[in-house]
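Here my numbering = 1-based position in the sequence shown + 28.
Backbone N, C-alpha and C define an ideal beta-carbon position, used for all residues, glycine too.
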Amino acid sequence: MEDIFESSLHLEETHFEEGYSDGYKHGLVIGKEEAQQVGLRVGFEAGEELGFYRGCIEVWNFAIRVDQTRFSDRIQKMIKQMEELVEKYPVFDPESESVQELMEALRLKFRAISATLGMKLEYNGYPKMGQDPKEMGF
29 MEDIFESSLH LEETHFEEGY SDGYKHGLVI GKEEAQQVGL RVGFEAGEEL
79 GFYRGCIEVW NFAIRVDQTR FSDRIQKMIK QMEELVEKYP VFDPESESVQ
129 ELMEALRLKF RAISATLGMK LEYNGYPKMG QDPKEMGF
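Shown next, in the form of structure tokens:
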């Protein structure tokens, strides 16, 4: 004969297991949504930074086409190297192991070109909501 209090003795364990199961299922759904939002934000920020560098390269290349003597051969070579880094960036493979390495190389190359040209040009990202663009150099 079964003890009439046995179900009461295991009540806490039963509720714990049910709560854990429900929480796990909920966590999977919420986790996927949050991961998607983070992925979109990080991807946008990377694309924005790449676009900034691409824009600088285009301006510098235009200046070179207009006046071949505008920049030294060394600077022109650095601009070409930066352009190659942008083209190598795995836009369609964000999980590539080279993403961080390439982005850091781009940042270093950009700083080197800017410093050599004597420019005080920095990439600070697009102004966030409520931020004054003038504070960011725009």
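- Beta-carbon to beta-carbon, Y151 and F80 are separated by about 5 Å, close enough to satisfy the 8 Å threshold.
- With at least 16 other beta carbons inside 10 angstroms of its own, F138 counts as buried.
- Annotation: the segment 96-136 contains the following complete segments of the alpha helix (DSSP H) (minimum length 4 residues), in chain order: 101-116.
- According to the DSSP assignment, N152 belongs to no alpha helix (DSSP H), since it is labelled neither H nor E.
- Short of 8 Å from the beta carbon of I92, and not among the five residues preceding or following it, lie these beta carbons of its own chain, in chain order: R98, F99, Q104 and I107.
- A check of alpha carbon separations from G75 across L37, W88 and E115 identifies E115 as the nearest.
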